[in-house]
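Before any comments, here is the structure.
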C-alpha cells in the first residue's frame, strides 16, 4: 500500500479531496496518482481488491478509481461489494480499463460505477471526471 500523499498546495480543483486508486499496474497507478495530486488531491493506491478493502477500514476516500481487471477479485466484484456496504455505498466509483466497447462500459455501470473510462486515459478528461463526481454531479 502506498500511503496518502501530500498535495502540492494551492487552490486546485481537487484541493482537499482524497482518492483511492485500485490498480494492479504500478505505472498506471503512479500516473493516476500524479495527475490527481497535481490538482490538489491526496491519493492512496492499492494493487488489489483485498488491499483496497483493508485501506477502507481506516479513513474513507471521497472517490474511488477502480481498474476492472485485478488479481483474485475483479474490480467489478469490488464495485458491487462497495455498493452494498452502508459505509461505502455513497462513494462515487470510477472504473478504468483497457477493455473497450459498450459491453465493458455496461458491466462497469451495472456493477455500480458512476463512470467508465477506457485506457489510455486522457489526463484532462480524467481530472474533470473525478472533479465532477466529487461535487456530486453525475
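Residue numbers (this note's numbering): 3 to 140. Using N, Cα and C, we set each Cβ at its ideal position, and we do this for glycine too.
Asked: Whole-Å CB distance - residue 129 paired with residue 33, under 8 Å assumed; Found: Wrong, their Cβ atoms sit about 12 Å apart, outside the cutoff.
Asked: Close-in-space but distant-in-sequence residues of the same chain around residue 136 (CB under 6 Å, 5 per side omitted); Found: 19, 64 and 65
Asked: Opening and closing residue of the alpha helix (DSSP H) in which residue 86 lies; Found: 77-86
Asked: Residue nearest to residue 25 in terms of C-alpha spacing, selected from 109, 43 and 52; Found: 52
Asked: First and last residue of the uninterrupted beta strand (DSSP E) at residue 117; Found: 117-120
Asked: Whole-Å CB distance - residue 100 paired with residue 118, under 8 Å assumed; Found: That belief does not hold up - the Cβ atoms of residue 100 and residue 118 are roughly 12 Å apart, past 8 Å.
Asked: Residue 14 beta carbon near the ligand SAM (any heavy atom closer than 7 Å); Found: In terms of ligand content, the structure shown is empty, and the ligand SAM therefore cannot be addressed.
Asked: Per DSSP, cross-strand counterpart(s) of residue 99; Found: 120
Asked: Nearest-angstrom Cα separation, counted from residue 138 out to residue 111; Found: 16 Å
Asked: Euclidean distance between Cα positions of residue 48 and residue 108; Found: 24 Å
Asked: Residue 36 in three-state terms, based on DSSP; Found: helix
Asked: Those residues which DSSP pairs with residue 48 across a bridge; Found: 24
Asked: Other residues of its chain near residue 9: CB distance less than 7 Å, five sequence neighbours each side excluded; Found: For residue 9, the pLDDT reaches just 38, beneath the cut-off of 50, and the residue's location in the model is therefore unreliable, although a value from the coordinates is still provided. The answer, listed in chain order, is 17, 39, 42, 43 and 44.
Asked: Same chain, Cβ closer than 8 Å to residue 31, neighbours up to 5 away in sequence not counted; Found: 4, 23, 25, 47 and 49
Asked: DSSP three-state assignment for residue 127, whether helix, strand or coil; Found: helix
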